[in-house]
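What the sequence shown shows, in the numbering used here, is residues 3 to 47, in sequence order. The beta-carbon is built from N, C-alpha and C at its ideal position, and this holds for glycine as well. Each remark here refers to the structure printed beneath this line.
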Amino acid sequence: MQNYFQSFLLIYEKSILVYGVCIIIDSTLPKFQTLAKLILQKLLK
């Protein structure tokens with residue numbers, strides 16, 4: 003059970019990191035907006 007929880011936390015931290023990067027890309031480079039949305043959609047599936 004603990005192993006499952008640790009791996010979940012790892013995935014959770016990584017997804018937050020990617021999400022943060024996407025937001026930064028989103029706000030600084032509007033032409034990459036659709037790319038960031040595609041990445042987020044793939045993560046959320």
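Limits of the alpha helix (DSSP H) - the one that residue 31 falls within: That residue, residue 31, is in no alpha helix (DSSP H); it is neither H nor E in DSSP.
In the structure shown, what three-state DSSP assignment does residue 47 receive? coil
Taking three-plus beta-carbon pairs below 8 Å as touching, is the stretch 37-47 in contact with the stretch 8-21? yes
Cβ pair residue 27, residue 40 closer than 9 Å: no
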